[in-house]
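For the record, the sequence lines run as chains A and B. Quick note, in our numbering, the first sequence goes up one by one and the last residue is 441. Quick note, in our numbering, the second sequence goes up one by one and the last residue is 136. Accompanying notes for the structure given below.
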Amino acid sequence: MIDGPDHLVIDDPLDVLATQADAGSAIDAWLGVFTRLMHLPESVRSEIRAELREHLRERVRDLLLSAGCAGDERTAVRTAIEELGETAHLAHRFEQANRPNRRRLLMNLTLAVAGVGAIAAGVIAFNPNHGALPVTRFAPVGETSQAAAPPKSFTQGRITLKGDNALNEILAQVAEIGQLNLLVNWRELEDAGVTRDAPVQVALRDVPITQALDLVTASVSDRANPLDWRAHDGLIEFGIKHNLDAREVELLSYDVARTVNLIANNFNTSTKDAAEQICDLLTSLVEPINWIDNGGDLAQMRLVGGRLFVQAPTRMQTKVAWILDQLPKDDAPQVNAAGGVEPVPVLSDIPLLSQVFASRGDSPSALKAMNDAEAEFKQIKEHFQPGTPVYDSAEKRCQDAKAAYEQIARRAAGGAGAPSR
Amino acid sequence: MSDDALKSPSPAELFKGSADLVLLSVLAEAPLYGYAITKQVAAKSGGAIRLTPGVLYPLLHELERDGLLLSSWETVQAPDNDDVERGRKRKWYRLSAKGRKRLAQRIAAHRAQQKMIESFLPDRA
Chain A
21 MIDGPDHLVI DDPLDVLATQ ADAGSAIDAW LGVFTRLMHL PESVRSEIRA
71 ELREHLRERV RDLLLSAGCA GDERTAVRTA IEELGETAHL AHRFEQANRP
121 NRRRLLMNLT LAVAGVGAIA AGVIAFNPNH GALPVTRFAP VGETSQAAAP
171 PKSFTQGRIT LKGDNALNEI LAQVAEIGQL NLLVNWRELE DAGVTRDAPV
221 QVALRDVPIT QALDLVTASV SDRANPLDWR AHDGLIEFGI KHNLDAREVE
271 LLSYDVARTV NLIANNFNTS TKDAAEQICD LLTSLVEPIN WIDNGGDLAQ
321 MRLVGGRLFV QAPTRMQTKV AWILDQLPKD DAPQVNAAGG VEPVPVLSDI
371 PLLSQVFASR GDSPSALKAM NDAEAEFKQI KEHFQPGTPV YDSAEKRCQD
421 AKAAYEQIAR RAAGGAGAPS R
Chain B
12 MSDDALKSPS PAELFKGSAD LVLLSVLAEA PLYGYAITKQ VAAKSGGAIR
62 LTPGVLYPLL HELERDGLLL SSWETVQAPD NDDVERGRKR KWYRLSAKGR
112 KRLAQRIAAH RAQQKMIESF LPDRA
């Protein structure tokens, strides 16, 4: 039976047929109950209603002409509806048939989980403020202020939920305790099948408001249309996650020229392949289902002339920045924890190997050691001035390696001087 | 062994898992709407296969969602009335190019399966 315009309690959907005057109104009454069981956007429900209405009208007409119903309209309507199968089951089947194909989502979610796992297991702790990756933010003219953080009454507030409240009551309670204004687009939510009076079966005693909101959101979320909330500028917003995300999309550009060149040089690949590797890394680890290239509609990126332009919600930008920060940016000496510069080790710094070179009189290996030392010195010259310890140390290593090579080469040639390179 | 195990499978049981193949095949011949599809399937199978609306409509929506079918709405005119009956609409389905490709794949797979099963069967039971 129907209890009130927004609250639905049904014993048997076919009960609605008993009170209807004719076949048309009986079909419409049943369709009214049936379509409310489907958690789908109203536009889709409306189409399903129209399609089934036409089916039922034709079927009733045929049944009335058949021997079984023999002109009994009421029996014909009931039979036609019963042929559709159990009402709730049918509604569920329509829901499944009208939601995005899960196969691709599942594949991408697997990648996302793997990515999150890899990040969680990483040795380096994630610090969004860390890193010297040059990032430029696009800001429209006039946009100067950042969103204000929510007040302590919200971030530190606590709430108790009895477990039998309607969604709108809980959100009002949250807003009151957190001293925030509440903004909910109920029309948008109702299109997604979430009503104001959706029951929330979450019982909590004195927990942080943010934790309670997460649990309430999860309990009323639909997998096809996940919900979310935001607290900012004295407001708490509750709505469709995708729509909240879409509003937070920002355009950033990251300087990845050195990273691309280093990957290309160190791994003997083209810069084009190196750029593609970076893009693949990001689209497979940072919320894969949201990238346009993966079939999503929230984020996209383009790499042009050594700059990576990423248009995505702030949440995704933070992850993108962290991943890019983990990639090599240049061959400059690494800064150690004490702020000093770690000299880059070369073969001649390793005593055992130096002895091997000397004892074997291995000219090709000595040549390589010298080339490495020269390459290292060349790079250090780009970053350090003569007279600094790093510069002087690298210069000496280069000179030593050169002297060692010339000595070995002279010995190999019977003291005839260094071979030409 | 129970008596049930010796029973021949019904056409409905044999039909399980092939509903999409039947549906795509029927729509390959001509565009149809839901109720007409149930009649067409029943007629072609001599009444042996009854595509129930509870299976048919969700399947049509699924195939449409996957891009195998295309649909369009037609305003229905009652046969005994020249006026267009208000609010009556009929949804017609037709095969898309992707649907035709899928049908070809399903037919090939079905024939291969038939051939494989055939190879196990004795000449005379």
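Ideal placement from N, C-alpha and C gives every residue a C-beta, glycine not left out.
{"Asked": "Under the three-state DSSP convention, the category Q116 (chain A) falls into", "Found": "helix"}
{"Asked": "Under the three-state DSSP convention, the category Q125 (chain B) falls into", "Found": "helix"}
{"Asked": "Among A:H112, A:L255 and A:F404, the one whose alpha carbon lies nearest that of E196 (chain A)", "Found": "A:L255"}
{"Asked": "C-beta neighbour in chain B for H75 (chain A), strict 7 Å", "Found": "yes"}
{"Asked": "Distance, H262 (chain A) Cα to L387 (chain A) Cα", "Found": "59 Å"}
{"Asked": "Within 7 Å, strictly: CB atoms of T180 (chain A) and D234 (chain A)", "Found": "no"}
{"Asked": "Cut-off 7 Å between Cβ atoms - residues of its own chain near L202 (chain A), not counting five sequence neighbours on either side", "Found": "L191, A192, A195 and I256"}
{"Asked": "Proximity test, R99 (chain B) beta-carbon vs the ligand NAD heavy atom, cut-off 6 Å", "Found": "Inclusion of the ligand NAD in the displayed structure is not the case, the ligand content being empty and no account of it being possible."}
{"Asked": "Cα-Cα separation between A423 (chain A) and W342 (chain A), rounded to whole angstroms", "Found": "44 Å"}
{"Asked": "N-terminal and C-terminal residue of the alpha helix (DSSP H) that A521 (chain A) is part of", "Found": "The structure shown has nothing for residue 521 (chain A), since chain A only spans 21 to 441."}
{"Asked": "Best match in A:W206, A:D392, A:Q337 and A:A294 for proximity to V269 (chain A) [C-alpha to C-alpha]", "Found": "A:Q337"}
{"Asked": "9 Å Cβ cut-off: residues of chain B touching L272 (chain A)", "Found": "Under the 9 Å cutoff, chain B gives no residues; its nearest Cβ is about 34 Å from L272 (chain A)."}
{"Asked": "Residue-chain proximity (G137 (chain A), chain B), Cβ-Cβ < 7 Å", "Found": "Annotation note: pLDDT 43 at G137 (chain A) (below 50); position unreliable, no value reported."}
{"Asked": "T86 (chain B) - partner residues in DSSP beta bridges", "Found": "B:K100"}
{"Asked": "V87 (chain B) versus B:L74, B:E75, B:R101 and B:R61, residue with shortest Cα-Cα distance", "Found": "B:R101"}
{"Asked": "Start-to-end residues for the beta strand (DSSP E) that takes in S273 (chain A)", "Found": "V269 to D275"}
{"Asked": "A295 (chain A) versus W311 (chain A) - alpha carbon distance", "Found": "17 Å"}
{"Asked": "Secondary structure of I139 (chain A), DSSP reduced to three states", "Found": "Interpretation of I139 (chain A) is limited by its pLDDT of 42, a score under 50 that renders its predicted location unreliable; the figure taken from the coordinates is listed afterwards. Three-state result, I139 (chain A): helix."}
{"Asked": "Nearest-angstrom Cα separation, counted from G88 (chain A) out to D48 (chain A)", "Found": "23 Å"}
{"Asked": "Under 9 Å from the C-beta of T63 (chain B): neighbouring residues of chain A", "Found": "E103, L104 and G105"}
{"Asked": "Residue-chain proximity (K55 (chain B), chain A), Cβ-Cβ < 7 Å", "Found": "no"}
{"Asked": "Residue environment, N205 (chain A), which counts as buried when at least 16 other CB atoms sit within 10 Å", "Found": "exposed"}
{"Asked": "Expected contact under 8 Å - CB spacing of N245 (chain A) and I260 (chain A) to nearest Å", "Found": "6 Å"}
{"Asked": "Whether D248 (chain A) touches L264 (chain A) by CB criterion (7 Å)", "Found": "yes"}
{"Asked": "Straight-line Cα distance separating L57 (chain A) from A54 (chain B)", "Found": "33 Å"}
{"Asked": "Interfacial residues, the segment 82-102 of chain A to chain B, with Cβ spacing under 7 Å", "Found": "none"}
{"Asked": "Expected contact under 8 Å - CB spacing of L51 (chain A) and L72 (chain A) to nearest Å", "Found": "6 Å"}
{"Asked": "Cβ-Cβ distance between A393 (chain A) and R430 (chain A) below 7 Å", "Found": "no"}
{"Asked": "Proximal chain A residues relative to Y137 (chain B), where beta-carbon distance stays under 9 Å", "Found": "Only positions 12 to 136 of chain B appear in the structure, and residue 137 (chain B) is not among them; the question remains open."}
{"Asked": "Below-7 Å beta-carbon distance, E396 (chain A) vs any chain B residue", "Found": "no"}
{"Asked": "Any chain A beta carbon closer than 7 Å to K100 (chain B)", "Found": "yes"}
{"Asked": "Other residues of its chain near K339 (chain A): CB distance less than 6 Å, five sequence neighbours each side excluded", "Found": "V306"}
{"Asked": "Cβ-based neighbour list, A251 (chain A), same chain, cut-off 6 Å, excluding 5 preceding and 5 following", "Found": "P170 and F174"}
{"Asked": "Straight-line Cα distance separating T291 (chain A) from E415 (chain A)", "Found": "31 Å"}
{"Asked": "Contact with chain A by E85 (chain B), beta-carbon distance below 7 Å", "Found": "no"}
{"Asked": "Chain A contact for G78 (chain B) (CB, 7 Å cutoff)", "Found": "no"}
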